[in-house]
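Residues in the sequence shown are numbered consecutively from 170, following my numbering. Just so you know, even glycine gets a beta-carbon here, dropped at the ideal spot from N, CA and C. A quick note: this is a predicted structure, and the numbers were derived from the prediction, not measured.
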Amino acid sequence: MKPLGEWKQALAQGGGGGRLDVLEGRGGEPTLKVGSIYLHSRYNPREEAKRLVDSAELDLKRPVLVVGLGLGYHVAELQARGVEHVAVIEPDEAVVRCALDAGILEDALLLVGCGDPDAVAASDAFRAFAARTPQILIHPPTARLDPAFVEAVTKLTCDAALRARRLHVAVVGPMYGGSLPIAGYLERAFRKLGHETLLVDNVSAWPLYEQMTEGLKTKQAARQLGAMCSSLLSEWTYARVAEFAPDICVVMAQAPVRPQFPLRLAKEGIVTAFWYVENWRHLPYWKDIAKYYDYFFHIQPGEFEAKLDEAGCRAHAFIQTACDPEIHRPVQLTPDEEREYGCDLSFAGAGYRNRIQVLSGLTDYDLKIWGVNWFGRDLRAHVCRAEQRFDAQQFAKIVAGSKINLNLHSSAAHDGVDPTCDAINPRVFEIAACGGFQVCDPAIGLDRYFDFETELPVYRTLAELRSRIDYFLEHPDERRAIAERARERVLCDHTYERRAQDMLDLIVDRYGPRVLRKGVRVQRTVAEMAERVGRDSPLGQYLGTLPPDLSFTHESINEHVARSGRAQSYPEKLFCYLREVRDFAETLLELR
């Protein structure tokens, strides 16, 4: 990639391309024909260029990378409108030569890359320009001539511009249910990857919603009030997300948002995704929402993907659940906790039909059951804290106290192991991350994540399960070795950070140009600002006392200033003064 003036010297000795014809248009201005395709209008190429720039709806104050040069009418139009930083990438040197000869472009410093996309992307000039997070303008005739080139350049530009950027990502959680903790794990994963995050936590609304829907005898009134509550939460969620103005918003399964929610965000330039951590066969609401999201992530590959295509889903991908090593980790039990949680076997989860049936065949063991909906008479003596839900911290204790952790994927339609189950539950990753030894039914696809011989013993029948239990109760060393290998596996391959990065990679690959068009806000950390102002300066020294990854914003810094009980330094006094000025200005605006 180099200035246009240097291309003039480099291409001076070459001839025109055999398929290229420079023709005089009907208005007297030149146009270029490559094979059977005209790169510009034969009638009014300048007017055509204006329409192209208008349709792109670009921010003229930000850089623009143009893919496809032609004779340069559209590039000249950008410069005429005041775009200061423009660069062009063109696949064909002969086209660049024709553009130079046509003389439409007068800026000899205009950056132009030509030829192999990877070679162009490797240049320092390209990397420096991509670091400005440019908007991308694709020249339509070039895209028709060489779609693979345009796709490659677009992807390379998005990679260079966005991969190392601190994006703004919002995660919308539900009021209740299995996806509730996953929303928190995912938000934390994006944050640990270095991105600015917002978690819209709707859990506080659950008691009110539950009272509305279950506290009335009239079912119709209860449904109407529940719908009103959900509608209110959808508006509140939209307001929170819109105020945060993220680049990407990920909505979790069961989140209280309307189907139109992603369409409203799309008008703000926000890329939307939905993570359906549900069994599509049991809960069919995906049919009503999948087509509205830019990306629809799910946990069941295969048949479901064909169903999503039929439903008009524009992009979907399989993203499995995982573990959060900060939450799912080995814990040491106190003597009192050993008495409460210690056992040979444990099961943690809800009491579905097949689970009740299987565990009823294990009552002669030292068995403890945790969770809700365990109504089997034979199991009553084994249920701990009946009808109480457990959180992640208690779950880690359950795992720590159990010699063998039982895992069985739920089914309301099958007896015993469901041979058709393809919705792998997150417990399999969480137990392993907590350092527990587990035996599990072989859900379809589970062997993609664990070796059944060395990391995760499986069973298909009650008899096989009892055989596994008897064997491993007698072989504690083997249990420990298998549990250690399983934990190594999940910490390496199956964390929510991995899943979050997979989501970002897919979104950037497909919607990178949209993210670039919206523009990525530069949000520096206090460590970066300390470096910029000088670590030995008064401000740099103060910033050095704060967490290095803290965002350099009024809100985050003032939160730390407010906590300080000691005498304030000069920088702290300045931040307090700026806060007072801001609060005063906001008060005046409210009084208008």
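Contact holds between the stretch 371-382 and the stretch 394-407, because three or more Cβ pairs, one in each stretch, are under 8 Å apart.
In the DSSP annotation of this structure, M344 is not part of any beta strand (DSSP E), being labelled neither H nor E. For H243, no beta strand (DSSP E) segment is defined; the enclosing uninterrupted segment is the alpha helix (DSSP H) at Y242 to A249. For the pair of segments examined, the stretch 665-675 was found to touch the stretch 489-496: the number of CB pairs separated by less than 8 Å reaches three. For the options R629, V244 and G518, the alpha carbon positioned closest to that of G540 is the one of G518. By the neighbour-count definition (other C-beta atoms within 10 Å, threshold 16), I206 is an exposed residue.
Contact between the stretch 630-648 and the stretch 191-205 is absent, with fewer than three C-beta pairs closer than 8 Å. The DSSP-derived three-state label of F443 is strand. Rounded to whole angstroms, L615 and N574 show a C-alpha spacing of 17 Å. Remark: three or more beta-carbon pairs, one from each stretch, lie closer than 8 Å, so the stretch 249-261 and the stretch 311-327 are flagged as touching. Secondary structure at Q670: helix, using DSSP grouped into helix, strand and coil. The alpha carbon of N371 has as its nearest neighbour, out of Q423, D285 and L685, the alpha carbon of Q423.
Under the three-state reduction of DSSP output, D646 falls in the helix class.
Setting aside the 5 residues that flank it on each side, A569 is surrounded in the same chain by V500 and L502, each with a C-beta closer than 6 Å to its C-beta; the list follows chain order. With fewer than 16 other Cβ atoms inside 10 Å of its own Cβ, M397 counts as exposed. For the 7 Å CB-CB criterion, V236 and V322 form a contact. For S515, the enclosing beta strand (DSSP E) starts and ends at C512 to A517.
F544 and L528 have their C-alpha atoms some 12 Å from each other. By the CB criterion at 7 Å, H578 and D620 fall outside the cutoff. When DSSP assignments are scanned along the stretch 298-370, the uninterrupted stretches of alpha helix (DSSP H) that are 4 or more residues long and fall wholly within it turn out to be 309-314, 316-331 and 348-361.
Relative to the Cα of V233, the nearest Cα in the group A300, D457 and L362 belongs to A300. Across the structure, L531 and G346 are spaced so that their CA atoms are roughly 28 Å apart.
Between the stretch 444-462 and the stretch 470-490 there are three or more inter-stretch CB-CB distances shorter than 8 Å, so the stretches are counted as touching. Shown here for L394: same chain residues with a beta carbon closer than 8 Å to its own, the five before and five after excluded, namely M381, T382 and L385 in chain order. In the three-state reduction of the DSSP assignment, D535 falls in the coil class. Counting the other Cβ atoms within 10 Å of the Cβ of H337 gives 16 or more, which makes it buried.
In the assembly as shown, E246 is a buried residue. Its beta-carbon has 16 or more other beta-carbons within 10 Å. By the beta-carbon neighbour count (other beta carbons within 10 angstroms, threshold 16), A736 is exposed.
Annotation: D584 to K456 spans about 28 Å, alpha carbon to alpha carbon. G282 sits in a strand when the DSSP states are folded into three classes. Beta-bridge analysis with DSSP links Y407 to no other residue. The Cβ atoms of E506 and K566 lie closer than 7 Å to each other.
In this structure, F430 sits away from A339, with a CB-CB distance that is not shorter than 7 Å. Burial state of T714 is exposed, judged by a 10 Å Cβ sphere holding fewer than 16 other Cβ atoms. Closest option to T623, judged by alpha-carbon separation, among D705, D678 and V608: V608. The stretch 465-472 makes no contact with the stretch 629-648, as fewer than three CB pairs between them are under 8 Å.
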